[in-house]
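S.K.: FYI, in the numbering used here the residues of the sequence shown are 124 to 254.
Note that the Cβ used here is the ideal one computed from N, Cα and C, for glycine as well.
Here it is, the structure, as structure tokens.
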Amino acid sequence: MVLKYKKVRPGAALPGRATPGSAAADLRAVCGDEGVTLQPMGRAVIPTGIAVELPGPEYVALVFARSGLAVKHGLALSNGVGVIDSDYRGEIRVGMINQSDKAYTIEPGERIAQLVVMPVLLPEVAETDNL
124 MVLKYKKVRP GAALPGRATP GSAAADLRAV CGDEGVTLQP MGRAVIPTGI AVELPGPEYV
184 ALVFARSGLA VKHGLALSNG VGVIDSDYRG EIRVGMINQS DKAYTIEPGE RIAQLVVMPV
244 LLPEVAETDN L
């Protein structure tokens, strides 16, 4: 399988796996020179500067939180898990929330989320009275 990426903002970095055993590719923030500060319980949408083309409708890209940011700093994805459908071609942007009691600044180029590509089962839907 080939996963195509396109940089759509200056300063964007292509997603990459940190180690050969990594299940996900890191997504990095593209947020200007000064970063984005999330106040306690504050939310922001952070651009990654990349778009992706999945190979077909039998695949989905899922955006997950980075456990280090969550455990150490209370940062989580505002929607839990982001779903990127196979026909979406726009920029991947990550909704984040600061669940801690301290402000946190997301720095330009910081790893903010993880991207996993998975197969999707596409069942036909049939109504029934017998479940």
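Jot down the residue ranges of each uninterrupted alpha helix (DSSP H) in the segment 164-228, minimum 4 residues, whole runs only, in chain order.
M.R.: Taking only runs of at least 4 residues, the alpha helix (DSSP H) segments lying wholly in the segment 164-228 are 190-196.
S.K.: Starting from the C-beta of S256, find all residues in its chain whose C-beta is less than 7 Å away, skip the five residues before and the five after it, and write them out in chain order.
M.R.: Here the chain covers residues 124 to 254 and nothing more, so residue 256 does not appear.
S.K.: Can you give me the Cβ contacts of V243 inside the same chain, cut-off strictly under 7 Å, excluding the 5 residues immediately before and after it?
M.R.: E181, Y182 and V183
S.K.: Going by CA-CA distance only, name the one from E230, E247 and A249 that's closest to G170.
M.R.: A small correction: the amino acid at residue 170 is Pro; Gly does not occupy that position in the sequence shown. Among E230, E247 and A249, the Cα nearest to that of P170 is on E230.
S.K.: So for L150, helix, strand or coil by DSSP?
M.R.: strand
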